[in-house]
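Below is one structure, written out as C-alpha cells, with a few remarks after it.
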Amino acid sequence: MKTKKIYLWSALTAIMVTAMVNSCKKGSLDTSDPNNVTTNQYYKTSDQLTKGVNAIYVSIHSLGLVSREWFFIHDLRSDEVASGGGQLEAPRGQMLNGNGDPTNPVMNSVWNTWYITIFRANVVIANGPNVTDNTATRDRLVGEAKFLRAWAYFDLVSQWGGVPVYTTPSKAVSDFQPRSSEAEVYALIVKDLQDAAAVLPEKTGTDKGRATASAANAMLGRVLMQTGDYAGAKAALLKIPTTGANGYTLTARYLDNFEEETEFNSESIFEIVFVDKGDSGFNWGGDSPTEAQSTVRNQEYNPIAWRNLIPSNKLINEFENTATGAAKSDPRFHYTLYQSGDTYNKGASVLTDGDQNGNSSVMNGVTKKISFRKFMIIYKEGLPAASFHPGGNNQRILRYAEVILMLAECENELGNTAAAVNYLNMLRARADVAMPPYPTAQFPVASKTDVIKAIMHEKMVEMGDEEVRNIDILRWRKKQYFTTDPFSYFRKGRDELLPIPQAELDNNPKVNGHQNPGY
C-alpha cells in the first residue's frame, strides 16, 4: 500500500487527543453540552467503565498498532524477514536496513498510538474508584487497563529505552514528562502486571479477547526475562494453569494457532480480535468504538498480494532438513512458509513463482520464491478474492508454546539444563511436529552453552514471524549469546535502540536534548 502520513505529535499531544475533544473552550462561552459528556461526569457505572476499557482495545486493534504498524516495527527489527522487493515502502526499507531516523513514520505511528493507549488506560485506572455499582467488574476492568498499559510501556521501553511515563490522565498540553530511566519504566510495568494478575479471572471467567490472569503472568514472564530476573519470570510462568477448564495445552495441530476457524484454542493465552468485513478494498475500520476492525497483515505478507516482507534466508535455513543431514525435516517449515509448488485455496490452487511478486530466496543453495504462511488466509481462498482481502484472522499475542520456551530459558539460566531440555522436547513432541527429541547430532545438550543454542534454534522455528524475535535479540545480545550480530549493519552503542521521534523532541521540552546515542 502506498500511503503517506505526516506525524507532528509528541507523546503528550497524542494522549491528549481524547481529552481535548471534550475540554475545548473559548473565553466565557457556556461550554455545557448535554450531548457531550466529559470524564468528570462519566465513569460512574461499571457499564461506562467497560466502554472506557473497550476504547483501550480499539487503539491497540488500530492500524497504528496490531492491525499494521506493530507487526511491521517488530519484524523490521528482527532477522526473520527480508524485503519482498521494490514494492516495500521506503520508510519500512529504512528500518529494515538500519537507516531509520527520528522522522520515520512507521516508528512514529507505533509511538503515538501506544501513548494514546496509555492515556485511555490512565483514564480508566484513575476513574475506577468512582464505580461502586459492581465492584467485581470494576476491579476486573481496572486490571485489564493495567495489563494493556504494561504492554504499551514494555513495547516502548524495549524499543526506545527510557521513555516519558504518564500514570494519570494528562489534563493540559503543558503536562509534559521527561524520560524516565529504563529501571523506572520496568518497575511500573512489573507492578501493573502483578496487580492485573491478582484481580483478572482465568479464561472461563471473561469474554474472549480480554486479558486474563494467565495473560498477565505470561507477559510478566517476558518482561522479567528481559530484565534478567529469571527466577521471578519462572515463578510467574508457573502460575499459568495446565489442567482443568482453565488449563492451557499445546494443540495437536500446529496450524490451529494461525487460522480463523481455530481461534481461542487450548494454546491461545491472549489474542487481538479482528473481523473479516468481506471486501477487497481499504475498508479496514478505524479508531472507532462501533466499527469492526480488520487486519492488513494478510495483504502485507500474502504471497499473492503485496508481499512486502518475505522470510529471510536465515529463517528459511534454520529449519532442520534431511537435505542438510538432519534425521528428519521439520514440518514447521511448511506450516510457517509457502514455496512455489505448494497448494492453497483448500488444495485447489498451486502457488507458482509468477504468483509471488518480488524477490526470491535461497534455500540450501537453491534460489526459489518463498513467502510467509502464518496468519495468511489463502489456505482457504483463491484468486482474486484472497489477494487484497483484509483479514479477520486474530493476531495471537501470547500462546502456551512461548510459555514453554520461556520456561526452558529460565531453567537453563538457573542452572537446570535437564529441565530446560524437557521443556524443549515438549514442543518437538507435538503430534504433527514429531521431531526427534534433543539431543540430536546437530544440537547436543551437554552444557548450558549447548542448551542456549538449542533454545535459540527451537524458538526461531517454533515462533518464526510471531513478533518475538526482536525482543529475544535484544536480550540475547546483552548476554553476548551471538557469535556474530544478527544484523550486518549493527553499530554498538546506537542500534540497540530506536531514535526518539523528532516530534517528541521538538514538542516536549523535557525530552528535547535527550536523544538516544548515535542519532
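Mapping of the sequence shown onto mature numbering (1 follows the signal peptide of the UniProt record, and there is no 0): residues -19 to -1, 1 to 500, in sequence order. Note that CB positions come from ideal geometry on N, CA and C, so glycine has one too. Please read these numbers as outputs of a predicted model, since none were measured by experiment.
Where residue i falls: helix, strand or coil (DSSP)
{"i": "Arg203", "result": "helix"}
{"i": "Phe135", "result": "helix"}
{"i": "Gly372", "result": "strand"}
{"i": "Leu318", "result": "strand"}
{"i": "Thr464", "result": "coil"}
{"i": "Leu231", "result": "coil"}
{"i": "Ile351", "result": "strand"}
{"i": "Phe100", "result": "helix"}
{"i": "Thr276", "result": "strand"}
{"i": "Phe251", "result": "strand"}
{"i": "Lys215", "result": "helix"}
{"i": "Ala367", "result": "coil"}
{"i": "Asp174", "result": "A small correction: the amino acid at residue 174 is Leu; Asp does not occupy that position in the sequence shown. Three-state DSSP puts Leu174 in a helix."}
{"i": "Val2", "result": "Because Val2 sits at a pLDDT of 35, beneath the cut-off of 50, its placement in the model cannot be relied upon, and the following sentence gives the value as read from the coordinates. Helix at Val2."}
{"i": "Ser155", "result": "coil"}
{"i": "Ala197", "result": "helix"}
{"i": "Phe239", "result": "coil"}
{"i": "Phe471", "result": "coil"}
{"i": "Tyr360", "result": "coil"}
{"i": "Thr185", "result": "helix"}
{"i": "Ile285", "result": "coil"}
{"i": "Arg130", "result": "helix"}
{"i": "Gln483", "result": "helix"}
{"i": "Ser13", "result": "Note on Ser13: pLDDT 46, under 50, position unreliable in the model; the coordinate value appears next. The answer is coil: DSSP assigns Ser13 none of H, G, I, E or B."}
{"i": "Thr224", "result": "coil"}
{"i": "Tyr167", "result": "helix"}
{"i": "His438", "result": "helix"}
{"i": "Arg191", "result": "coil"}
{"i": "Lys7", "result": "Note that Lys7 has pLDDT 33, beneath the 50 cutoff, so the model's placement of it is unreliable and the number below is only indicative. Residue state, collapsed to three classes: coil."}
Alpha-carbon to alpha-carbon, residue j and residue i
{"i": "Ser249", "j": "Val347", "result": "36 Å"}
{"i": "Cys391", "j": "Asp136", "result": "21 Å"}
{"i": "Gln75", "j": "Gly81", "result": "5 Å"}
{"i": "Val123", "j": "Thr148", "result": "13 Å"}
{"i": "Leu77", "j": "Lys434", "result": "25 Å"}
{"i": "Gln496", "j": "Asn298", "result": "37 Å"}
{"i": "Glu125", "j": "Ala177", "result": "7 Å"}
{"i": "His315", "j": "Ala412", "result": "15 Å"}
{"i": "Asp237", "j": "Lys152", "result": "45 Å"}
{"i": "residue 501", "j": "Gln376", "result": "Since the first residue shown for the chain is -19 and the last is 500, residue 501 is missing from the structure and cannot be characterised."}
{"i": "Arg49", "j": "Arg278", "result": "6 Å"}
{"i": "Arg475", "j": "Asn451", "result": "16 Å"}
{"i": "Glu477", "j": "Leu455", "result": "7 Å"}
{"i": "Asp431", "j": "Glu394", "result": "12 Å"}
{"i": "Phe52", "j": "Ile351", "result": "19 Å"}
{"i": "Ile291", "j": "Asp60", "result": "11 Å"}
{"i": "Ala308", "j": "Pro417", "result": "8 Å"}
{"i": "Met441", "j": "Leu479", "result": "23 Å"}
{"i": "His370", "j": "Ile359", "result": "10 Å"}
{"i": "Arg101", "j": "Pro284", "result": "37 Å"}
{"i": "Val144", "j": "Val166", "result": "7 Å"}
{"i": "Ser293", "j": "Phe468", "result": "12 Å"}
{"i": "Ala197", "j": "Val171", "result": "10 Å"}
{"i": "Ile106", "j": "Tyr235", "result": "38 Å"}
{"i": "Ser40", "j": "Asn108", "result": "19 Å"}
{"i": "Ile97", "j": "Arg130", "result": "10 Å"}
{"i": "Tyr462", "j": "Val384", "result": "21 Å"}
{"i": "Gln320", "j": "Gly445", "result": "16 Å"}
{"i": "residue 534", "j": "Gly335", "result": "This structure cannot speak to residue 534, because the chain is shown only from -19 to 500."}
{"i": "Val(-3)", "j": "Ile436", "result": "Caution is warranted here: a pLDDT of 44 is assigned to Val(-3), below 50, making its placement in the model unreliable, and no coordinate value can be reported."}
{"i": "Thr243", "j": "Ile253", "result": "14 Å"}
{"i": "Leu408", "j": "Ala401", "result": "12 Å"}
Burial state of residue i, where buried means 16 or more other Cβ atoms lie within 10 Å
{"i": "Val331", "result": "exposed"}
{"i": "Ser162", "result": "exposed"}
{"i": "Gly499", "result": "exposed"}
{"i": "Glu443", "result": "buried"}
{"i": "Glu448", "result": "buried"}
{"i": "Lys491", "result": "exposed"}
{"i": "Val343", "result": "exposed"}
{"i": "Lys355", "result": "buried"}
{"i": "Val154", "result": "exposed"}
{"i": "Phe251", "result": "buried"}
{"i": "Arg203", "result": "buried"}
Distance cut-off 8 Å: residue i Cβ against heavy atoms of the ligand ZN
{"i": "Asn393", "result": "You won't find the ligand ZN in this model; it holds no ligand whatsoever."}
Residues that residue i bridges to, as DSSP identifies them
{"i": "Leu290", "result": "Ser64"}
{"i": "Tyr325", "result": "Ser330"}
{"i": "Val343", "result": "Thr348"}
{"i": "Arg160", "result": "Pro145"}
Suppose only complete runs of 4+ residues qualify. What are the alpha helix (DSSP H) ranges in the segment 21 to 77, listed by chain order? Within the segment 21 to 77, complete alpha helix (DSSP H) segments of at least 4 residues are found at 27 to 42, 50 to 57, 71 to 77, given in chain order.
Enumerate, from N- to C-terminal direction, the unbroken alpha helix (DSSP H) stretches of 4 or more residues contained entirely within the segment 372 to 431. Restricting attention to alpha helix (DSSP H) runs no shorter than 4 residues, the segment 372 to 431 encloses them at 381 to 394, 398 to 409, ordered along the chain.
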